[in-house]
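A.B. asks: Structure in structure tokens, see below.
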Amino acid sequence: MLLDAESVRLLATSLAIAFGALGPALAIGWIGSKAADAIGRNPEAASKIQTMAILAIVFAEAVAIYALVVALIVKFVA
Amino acid sequence: MGLAISLRAEPIFSIGSFPVTNSLLLSVLAFLVLAAFAFAVRRRLAMVPGMVQNVAELVIEGALGIMDSVLNGDRRASEKYLPLVFTIFLFIICSNWLGLLPGVGSLIVTQNGMVTPLLRSPASDLNFTLALALIAVTFVNIFGTAAIGLKGRLSVFFNFHGPIDFFVGILEIISEFAKIISFSFRLFGNVFAGEVLLAILAYLVPYVIPVPFLFLELFVGFIQALIFAMLTTVFIGMSIVGHGAGEEGAHANAH
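Respectively, the protein sequence lines represent chains H and C.
Here the first sequence is numbered in the working numbering, starting from 155 and rising by one per residue.
Here the second sequence is numbered in the working numbering, starting from 149 and rising by one per residue.
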């Protein structure tokens, strides 16, 4: 394996997004499952729980997007 | 013809010393589409609504309903903040969906040897998303100041009731900047990644395969517009009450 700049850049790009998406993927799954539990327990509060869950999912997703942006910067800019 | 992916939006021409990029072109087009729609609806307004007015009223009622559920049922507050929130939603969704039309990314211009696309999805340019994020966060602070006064708004950030409250105030300041960054990068990342995905697919397998991904991009464009608008509403709701997110949980527990 030739460890020149281009290969290392490709490796860095793919590792950045691969590991960066791991945390948010788990987090979104947890949030979804807890939200489903909560709605199951208390169907009346469904819309509040849904709003809260969507909000939390969006924030978790944003972290994955940060990792994606770093990967893109490594690939195209640096 | 090879595959060309550029993180930055490429300038097409210059007005004086101001470079006009391909994403700026498409965002102006989105604005013209929205303005034309607004004028068309305005001309047809009547006490007995026609079809266009019916659809517009349906959409506005839906948006007000969603804002009500976030702002604790206060219809007057929803109506006060609807212009900003709904404009952000309409502009982003129009930009994203116009960016999926054929011709965006494929109509090219050759200028001194370099080949650049004529049109590009506006939200795939960090300038566009950063501008929207700055506008949203600035207005959140303006609305908060208008609702509870300058002292009320500043007391969220500079809270001298104790060491922990002081630290929370510092965190609130940092979180304002984090909101700007997260708003802009969320929209930019989603749309730019979608653009890259579609470009690569069109380069590898131009027939049939890109279709489900175009549907995905349609969905993502709608969701990102919704998320931006809804988060703006949530932050407005938090700023007009005058305390941060932590205290909300404490109040809810106290009941």
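Where is the CB? At the ideal position from N, CA and C, for every residue including glycine.
Note that the coordinates shown come from a computational prediction; the quantities given were computed from them, not determined experimentally.
Can you find a C-beta in chain C that's less than 8 Å from the C-beta of H/I219?
C.D. replies: Closer than 8 Å: yes.
A.B. asks: Which word fits H/E215, buried or exposed, when buried means at least 16 other C-beta atoms lie within 10 angstroms of its C-beta?
C.D. replies: Buried, since its Cβ has 16 or more Cβ neighbours within 10 Å.
A.B. asks: Select from C/E209, C/A271 and C/R224 the residue whose C-alpha is nearest the C-alpha of C/L246.
C.D. replies: Looking at the Cα atoms, C/A271 is the closest of the given residues.
A.B. asks: May I ask you to list, following chain order, the residues of the segment 375 to 386 of chain C that have a beta carbon less than 8 Å from some beta carbon of chain H?
C.D. replies: Taking 8 Å as the Cβ-Cβ cut-off against chain H, the residues of the segment 375 to 386 of chain C that qualify are I375, M378, L379 and V382.
A.B. asks: At the 8 Å Cβ level, is H/F173 part of the contact set with chain C, yes or no?
C.D. replies: Judged by the 8 Å Cβ criterion, H/F173 is not in contact with chain C.
A.B. asks: Could you run through the segment 149 to 174 of chain C and flag, in chain order, every residue whose CB is less than 9 Å away from some CB of chain H?
C.D. replies: Residues passing the 9 Å Cβ filter: I153, S154, L155 and R156.
A.B. asks: Tell me where the beta strand (DSSP E) around C/I256 begins and ends.
C.D. replies: Where C/I256 is concerned, the enclosing beta strand (DSSP E) stretches over I256 to Q259.
A.B. asks: Should H/L222 be flagged as near chain C, meaning a C-beta pair shorter than 8 Å?
C.D. replies: Yes, its Cβ sits closer than 8 Å to a Cβ of chain C.
A.B. asks: Beta carbon of C/P197: closer than 7 Å to some heavy atom of the ligand MG?
C.D. replies: With respect to the ligand MG, the structure shown offers nothing to examine, as it has no ligands at all.
A.B. asks: Could you tell me whether any Cβ in chain H is nearer than 8 Å to the Cβ of C/A400?
C.D. replies: Summary for C/A400: the model assigns pLDDT 44, below 50, so the residue's position carries little reliability, and this model does not support an answer.
A.B. asks: Cβ closer than 9 Å: which chain H residues qualify as neighbours of C/V218?
C.D. replies: Ordered by position in chain H, the residues that pass the 9 Å Cβ test against C/V218 are T205.
A.B. asks: For H/V231, go through chain C and note every residue whose CB falls closer than 7 Å to its CB, in chain order.
C.D. replies: Within 7 Å Cβ-Cβ: L155.
A.B. asks: Return the CA-CA distance between C/G221 and C/M215, expressed in angstroms with no decimal places.
C.D. replies: Rounded to whole angstroms, C/G221 to C/M215 spans 8 Å at the Cα level.
A.B. asks: Give the DSSP-derived three-state secondary structure of C/S171 in the structure shown.
C.D. replies: Residue state, collapsed to three classes: helix.
A.B. asks: From which residue to which residue does the alpha helix (DSSP H) around H/S187 run?
C.D. replies: Segment L176 to R195, the alpha helix (DSSP H) holding H/S187.
A.B. asks: Between H/L165 and chain C, is the shortest Cβ-Cβ distance under 8 Å, so that the two count as touching?
C.D. replies: Not closer than 8 Å to any Cβ of chain C, the Cβ of H/L165 fails to qualify, so no.
A.B. asks: Using DSSP with H/G/I as helix, E/B as strand and the rest coil, what is C/M262?
C.D. replies: Three-state result, C/M262: strand.
A.B. asks: For chain H, check one thing: does any of its Cβ atoms lie closer than 8 Å to the Cβ of C/S226?
C.D. replies: Judged by the 8 Å Cβ criterion, C/S226 is not in contact with chain H.
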